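Engineer: Have a look at this one before I ask anything.
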Amino acid sequence: MRKKLAPIVVGLGLIGLAGCSDDGSSENGSGSENGETEYGDVLATSDAGEVTTDDILNELGTDNIANRTFQLTLDSILQDKYSDEIDRKEIESQIDEEIEGMGGEDQFAMMLQQQQPGMTVEQYKEQRINNAYHDKFFAEKFEVTDEEAKESVREASHILVEVSEEEDGLSDEEAKKKAESLHQEIEDGADFGELAAEESDDTGSAENNGQLGYVQRGEMVEPFEEALFALEKGEVSDVVKSDFGYHIIKRHEEENIDEELDSVKRQVVSQKIQENQDQVLGFYNDLLEEYNVEFENEEIRTYIEETYLNSGDEESAEESTEESTEESTEESTEESTEESAE
1 MRKKLAPIVV
11 GLGLIGLAGC
21 SDDGSSENGS
31 GSENGETEYG
41 DVLATSDAGE
51 VTTDDILNEL
61 GTDNIANRTF
71 QLTLDSILQD
81 KYSDEIDRKE
91 IESQIDEEIE
101 GMGGEDQFAM
111 MLQQQQPGMT
121 VEQYKEQRIN
131 NAYHDKFFAE
141 KFEVTDEEAK
151 ESVREASHIL
161 VEVSEEEDGL
171 SDEEAKKKAE
181 SLHQEIEDGA
191 DFGELAAEES
201 DDTGSAENNG
211 QLGYVQRGEM
221 VEPFEEALFA
231 LEKGEVSDVV
241 KSDFGYHIIK
251 RHEEENIDEE
261 LDSVKRQVVS
271 QKIQENQDQV
281 LGFYNDLLEE
291 YNVEFENEEI
301 RTYIEETYLN
311 SGDEESAEES
321 TEESTEESTE
331 ESTEESTEES
341 AE
């Protein structure tokens with residue numbers, strides 16, 4: 001809902017990682033009798049020497065290779081597990097409609113390069129499809145009720161009066177006084193949206209009459225969140241101070257919350273993933289055991305076991321699991337509200 005596209009880890013489509021060896025290499029170092037690239041294959045030659053697959057692998061490093069191997073393994077398993085429940089063609093059709101709504105493929109490709117340099121439209125589509133399989137998996141593991149989803153968000157607008165040390169900016173005292181004056185205008189009957197459009201220093205939301213959309217717990221700075229989640233529907237807060245200045249916050253009626261539930265549930269699941277890393281590691285273990293996965297390369301196997309499958313190094317495991325699951329829990333084309341709150 002408020003995340004941007006996550007980077008894709010370096011792909012290794014030309015190199016077969018699992019079970020590769022150079023036992024069958026020919027005299028020139030190439031073992032690719034069947035046309036497949038293997039360890040030790042020569043990729044380029046020049047008067048300065050050769051470039052082999054070993055050189056590429058050494059340059060990429062075991063961690064990059066292992067991370068990508070693990071991700072591709074998960075993708076493959078989940079596609080098999082949910083092949084009858086996920087309609088690829090339907091997802092592709094939805095993506096095509098979104099692309100058309102953004103001005104066509106050329107316009108979308110330009111936007112994509114700004115957020116994810118180097119990613120093609122086809123790669124983006126494949127990522128979205130993979131996301132659907134991962135969403136299905138984690139939705140089963142972390143069940144979220146309608147009530148839980150509704151309690152996790154609030155539809156809000158705000159007015160921000162910024163505190164600034166710039167010469168033409170407002171001091172803390174001046175900003176507070178202005179915010180209190182605006183709050184009084186609202187109490188006297190002024191339209192909140194019109195006032196936000198005219199007076200709010202949060203230019204992103206001011207363009208939309210101060211509207212932030214649905215805000216999830218943990219998404220905003222603490223004083224803002226506490227004030228928002230204490231409000232009744234339709235209520236306006238007192239002046240609230242945060243690191244950004246002074247806010248006046250309005251909670252809306254949330255009349256279309258049922259239409260947003262699927263999106264909200266995905267965000268709740270995403271939050272649960274970040275908060276329950278040990279459980280996620282356990283889910284991965286169970287999944288790999290269910291599908292009898294074996295990582296044949298010793299270095300890759302050791303890295304994956306230590307990073308993803310063993311919780312001994314808790315900090316390392318949490319960081320790696322967050323990286324692996326981030327792609328599958330984000331909604332790629334939506335803007336970040338954190339910027340709006342600033």
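First residue of the sequence shown? That's 1 in full-length UniProt numbering, and the numbers climb one at a time after it. Where a beta carbon is used, it is the ideal one built from N, C-alpha and C, also for glycine. This one's a predicted model, so the numbers in the text were calculated from it and none came from an experiment.
Between V240 and D135, what straight-line distance do the alpha-carbon atoms span, to the nearest angstrom?
Structural biologist: In the sequence shown, the residue the question calls residue 240 occupies position 240. In the sequence shown, the residue the question calls residue 135 occupies position 135. The straight-line gap from Cα to Cα measures roughly 36 Å.
Engineer: Quick one: Cα of L228 to Cα of F108, how far?
Structural biologist: Working through the sequence shown from its first residue, we reach residue 228 at position 228. Working through the sequence shown from its first residue, we reach residue 108 at position 108. Looking at the two C-alpha atoms, the distance is approximately 35 Å.
Engineer: Going by DSSP, what residues sit across from A280 in a beta bridge?
Structural biologist: Here residue 280 corresponds to residue number 280 of the sequence shown, with the count starting at 1. Per the sequence shown, the amino acid found at residue 280 is Val instead of Ala. Its beta-bridge partners do not exist; DSSP assigns none.
Engineer: Are at least three pairs of beta-carbons, each pair with one atom in the region 146–165 and one in the region 257–269, less than 8 Å apart?
Structural biologist: The answer is yes - the region 257–269 touches the region 146–165, with three or more Cβ pairs under 8 Å.
Engineer: In three-state DSSP terms, what is Y82?
Structural biologist: The count along the sequence shown starts at 1 and reaches residue 82 at position 82. Correct three-state label for Y82: coil.
Engineer: If you measure between the beta carbons of I249 and E199, is that distance less than 8 Å?
Structural biologist: Within the sequence shown, residue 249 is the residue found at index 249, counting from 1. Within the sequence shown, residue 199 is the residue found at index 199, counting from 1. For I249 and E199, no; Cβs fall outside 8 Å.
Engineer: Would you kindly report the start and end of the unbroken beta strand (DSSP E) that includes G245?
Structural biologist: Counted from its first residue, the sequence shown places residue 245 at position 245. That run of the beta strand (DSSP E) goes G245 to R251.
Engineer: Could you give the distance in angstroms between the alpha-carbon of G304 and the alpha-carbon of G61?
Structural biologist: Working through the sequence shown from its first residue, we reach residue 304 at position 304. Working through the sequence shown from its first residue, we reach residue 61 at position 61. The sequence given here places Ile at residue 304; Gly does not occur at that position. Answer to the nearest angstrom: the Cα atoms are 13 Å apart.
Engineer: Tell me whether E235 sits in a helix, a strand or coil according to DSSP, three-state version.
Structural biologist: As a position in the sequence shown, residue 235 is number 235, starting the count at 1. Residue state, collapsed to three classes: coil.
Engineer: Measuring only the C-alpha atoms, how far is L44 from D54?
Structural biologist: Here residue 44 corresponds to residue number 44 of the sequence shown, with the count starting at 1. Here residue 54 corresponds to residue number 54 of the sequence shown, with the count starting at 1. Sequence inspection shows Ala at residue 44; the Leu mentioned does not correspond to that position. If I take the Cα positions, the gap works out to 12 Å.
Engineer: Just to confirm my understanding: we take E299, look at its own chain, exclude 5 residues before and 5 after, and list those with CB closer than 8 Å. What are they?
Structural biologist: On the sequence shown, residue 299 is found 299 positions in, with the first residue counted as 1. Closer than 8 Å at Cβ, skipping near neighbours: T62 and A66.
Engineer: Report yes if the C-beta distance between L309 and Y291 is below 8 Å; otherwise report no.
Structural biologist: In the sequence shown, residue 309 corresponds to position 309, counting from 1. In the sequence shown, residue 291 corresponds to position 291, counting from 1. Result no, Cβ atoms of L309 and Y291 do not sit closer than 8 Å.
Engineer: Identify whether R217 lies in helix, strand or coil by the three-state DSSP scheme.
Structural biologist: Taking the first residue of the sequence shown as position 1, residue 217 is located at position 217. Note: R217 maps to coil in three-state DSSP.
Engineer: Starting from the Cα of Q269, find the closest Cα among K141, L170, L231 and I86 and give me that residue.
Structural biologist: In the sequence shown, counting from the first residue as 1, residue 269 sits at position 269. The question names Gln, yet the displayed sequence has Val at residue 269. Closest option to V269, Cα to Cα, is K141.
Engineer: So S205 is in the beta strand (DSSP E); what residue range does that whole segment cover?
Structural biologist: As a first step, residue 205 must be located in the sequence shown, where it is residue number 205. Counting along the chain, S205 falls outside any beta strand (DSSP E), though it belongs to the alpha helix (DSSP H) covering T203 to A206.
Engineer: Can you tell me whether E167 is helix, strand or coil according to DSSP?
Structural biologist: Here residue 167 refers to the residue found at position 167 of the sequence shown. The answer is coil: DSSP assigns E167 none of H, G, I, E or B.
Engineer: Is there contact here, the region 272–289 with the region 175–193, by at least three beta-carbon pairs under 8 Å?
Structural biologist: In short, these stretches do not touch, since the Cβ pair count stays below three.
Engineer: Compare the C-alpha of S237 against each of G282, Q184 and Q279 and name the closest.
Structural biologist: The sequence position of residue 237 within the sequence shown is 237, counting from 1. Per the Cα distances, Q184.
Engineer: My assumption, with CB atoms under 8 Å, is that H247 sits in contact with F224. Please give the rounded CB distance.
Structural biologist: As a working note, residue 247 is residue 247 in the sequence shown. As a working note, residue 224 is residue 224 in the sequence shown. Yes, they are in contact, since the Cβ atoms of H247 and F224 sit about 6 Å apart, within 8 Å.
Engineer: Taking L74 as the reference, which of Q127, E155, D84 and V121 has the closest Cα?
Structural biologist: Here the question's residue 74 lines up with position 74 in the sequence shown. For L74, the nearest C-alpha among the options comes from Q127.
Engineer: Rounded C-beta distance between K233 and E254? I'm assuming under 8 Å.
Structural biologist: One-based indexing of the sequence shown puts residue 233 at position 233. One-based indexing of the sequence shown puts residue 254 at position 254. About 7 Å; that satisfies the 8 Å criterion.
Engineer: Can you name the start and end residues of the beta strand (DSSP E) that T120 belongs to?
Structural biologist: Residue numbering aside, residue 120 sits at position 120 when the sequence shown is read from its first letter. Premise fails: T120 is in no beta strand (DSSP E) and is neither H nor E.
Engineer: The alpha helix (DSSP H) that contains S270, what's its start and end?
Structural biologist: Taking the sequence shown and counting its residues from 1, one reaches residue 270 at position 270. Run containing S270: I257 to E275, per the alpha helix (DSSP H) assignment.
Engineer: Once the 5 residues before and after Q279 are set aside, which same chain residues still bring their CB inside 8 Å of it?
Structural biologist: Mapped onto the sequence shown, residue 279 falls at position 279. Once the five neighbours on either side are set aside, the close Cβ partners of Q279 are K141.
Engineer: State the beta-bridge partners of T52 as determined by DSSP.
Structural biologist: Along the sequence shown, one-based indexing puts residue 52 at 52. Per DSSP, V42.
Engineer: Since S242 is in the beta strand (DSSP E), which residue starts that stretch and which ends it?
Structural biologist: Here residue 242 refers to the residue found at position 242 when the sequence shown is read from its first residue. From DSSP, the beta strand (DSSP E) with S242 extends over V240 to S242.
Engineer: Quick one: Cα of E97 to Cα of R217, how far?
Structural biologist: Locating residue 97 in the sequence shown gives position 97, counting from the first residue. Locating residue 217 in the sequence shown gives position 217, counting from the first residue. Those two C-alpha atoms are separated by around 31 Å.
Engineer: If you run the structure through DSSP and keep just helix, strand and coil, what is S200?
Structural biologist: Residue mapping note: residue 200 aligns to position 200 of the sequence shown, counting from 1. Here S200 sits in coil by DSSP.
Engineer: Can the beta-carbon of I95 be found less than 8 Å from the beta-carbon of K125?
Structural biologist: Within the sequence shown, numbered from 1, the residue matching residue 95 stands at position 95. Within the sequence shown, numbered from 1, the residue matching residue 125 stands at position 125. For I95 and K125, yes; Cβs fall inside 8 Å.
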